[in-house]
Structure formats: structure tokens, C-alpha cells
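Q: So the mapping is simple: the numbering used here equals the position in the sequence shown, first residue as 1, plus 48.
If you scroll down you'll find the structure; I have some questions about it.
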Amino acid sequence: MDKLKCKIEKYWNWRSSSYALDVEKSPETEKAWDTTIKTLAKSGQNQDALDIGTGPGQLAFYLAGAGFNVTGLDISPEMINNARKRAEEMELSIDFRTGDAEHLDFPDNSFDVVVSRNLIWTLPNPDLALKEWHRVLKPGGRIIVSDGFWQNQTWKRFYQIPMNLLKSVFQINSRISLRFFLHYASMMKHLPLYEGVKKNEVQKLLQCAGFNEVSSWDIGQCFGKNPYAFALSVSPSFFIVYADK
């Protein structure tokens, strides 16, 4: 693994201890995501699904609940350890493993569904990643990608460091923001979508990777409020797009 990805792994290992599942945000958020993923993924019986950048395993849990045989992949060993523990508690059989989203260790045409949430922005080569995801998806299979324009502007917020240091003594969100700020400052020039990504940009990436019938999910159909507003100082735009191979 190269130095850049080692740094990314290090941050998400640290972040794993405070990364919440959807239900910890609100039962409404969990229901909205569960409904969305199960609707877009369609039938799961005797089908194989891959959750790339699984983190604590949230999308993998939804897919397993829909009957899919699920593999969850993440660069962070600590995230994977937490996902395994949670899967055991929920009595779900999911194959969680560490791996690189840009270089998948799976044969061509392995999965009926590939999902990913909030990963594209942190990849050094998002175009390469989506071509890999296309490669491992079976003909006729579906990809579901969610991300957002997070407004990560590290150096533009340099003046906030003293205030964040003071707040971090009392607030977990401030400690997370400060650690993110300090950790990603040295990496952002290598991450083309560091500030976040917009829906039309991911739709274009999907088309360039060879996916067909690229569409977007109506966020308002399921989400009554922005599920990310609770943790951030602004309410970032987020989206869900899907396509077929």
C-alpha cells in the first residue's frame, strides 16, 4: 500500500471508534436508508452484493437483511473489526474484509449489486475505482453510489483551529473536525474530489466507466431531513445515483 493510502487508513482507523450507525442518528434515518437500498437493489435472494467502503457495515447490513450474500470491503482494519462485531450481534453472516477500492481482489462479473456510500470523495483515483466496480459487476447488475458536496475546505478554514481546539475539550464533533482537518491537510492535493462531489460529476464518472441507464434517486421521496445535518456546521447536499451494467 502506498503512503497516501496508509494515511487514509490511519485516519479511518482512528475514526472507527466514533463512527455511528444510521439508527444512532435517528430511527427515521435508518428507515429511509433501509428502504432506499432495498428498493434500488431489488431482489436479493441467491444474489451477491459488494459494499465498498463499508465502514461499520451499515449498507452491508441492509443488503443482508434483503437476502443478499454480502461482502463488505474497507481500507480500515478497525472499521472492519467493528463491522464484524456488529454483524455477530445482529446474527448476520457477512464476509467483511480489508481491501483497496481502486484495486479489487475479485474476479470479473462477481456481483449482482455493488454499493458505496461517502467514499468517492476520498479516493485518489475515482475514475479508476469506478472502472474496477464495473469490472466486478455482473452483466445486468446494478451499482448504487451515494456521496455529497461536503464543503471540505481545509486551508480556507485555517483560522478555525484555535476555536476548534477550545471546543474539542467538550464536544466530540469538534474533536472529529479538528482531527480530520489536521490529518487531511497534507493529502487534499492528491484527492481530486476532496471538497466533495456533485451528483452530475458522479453520473459522468459512471458513464465514462461504462455503466448504462444512469439515474438519480429522489431524495425527498424517503428522506424527510438531511441525515448529515446533525454532525456538520452546514447542511451539505447529498445524492444517490444508480446505474446498470
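No residue lacks a Cβ here, since even glycine has one placed at the ideal position from N, Cα and C.
#1: Please classify Glu180 as buried or exposed, where buried requires at least 16 neighbouring CB atoms within 10 angstroms.
#2: Taking the beta strand (DSSP E) that Phe109 falls in, what are its first and last residues?
#3: So, is Met138 buried or exposed, given that buried needs 16 or more other C-beta atoms within 10 angstroms?
#4: Could you compute how far the alpha carbon of Val161 sits from the alpha carbon of Glu57?
#5: Select from Pro155, Thr77, Gly113 the residue whose C-alpha is nearest the C-alpha of Ser91.
#6: For the candidate residues Pro75, Lys55, Leu52, Ser65, whose alpha-carbon lies nearest to that of Gly333?
#7: Whether or not the segment 179-198 and the segment 115-125 are in contact is what I'm after, with contact meaning three or more pairs of Cβ atoms, one per stretch, closer than 8 angstroms; do they touch?
#8: From the DSSP output, in three-state form, read off Pro187 for me.
#9: At the level of alpha carbons, what is the spacing between Leu107 and Asn274?
#10: Using the Cα positions of Ile288 and Lys51, report the straight-line distance between them to the nearest angstrom.
#11: Should Asp156 and Arg183 be called a contact, given that it needs their Cβ atoms to be closer than 7 angstroms?
#12: Run through DSSP, which three-state label would Glu72 get?
#13: Just to confirm the assignment, what range does the alpha helix (DSSP H) spanning Leu295 have?
#14: Name the DSSP beta bridge partners of Tyr242, please?
#15: If we ignore side chains and look at the alpha-carbon of each, how far apart do Leu111 and His238 end up?
A: Quick answer:
#1: buried
#2: Here Phe109 belongs to no beta strand (DSSP E); instead the alpha helix (DSSP H) covers 106-113.
#3: exposed
#4: Roughly 25 angstroms between the two C-alpha positions.
#5: If we check each option's Cα against that of Ser91, Gly113 comes out closest.
#6: Shown here, the chain extends from 49 to 293; a query on residue 333 therefore has no answer.
#7: Between the segment 115-125 and the segment 179-198 there are fewer than three C-beta pairs closer than 8 angstroms, too few to call the two in contact.
#8: strand
#9: 18 angstroms
#10: 31 angstroms
#11: yes
#12: DSSP places Glu72 in helix when its eight states are reduced to three.
#13: Absent from the model: residue 295. The displayed extent of the chain is 49 to 293, so no value can be given.
#14: BP columns for Tyr242 are empty, so no partner.
#15: 32 angstroms
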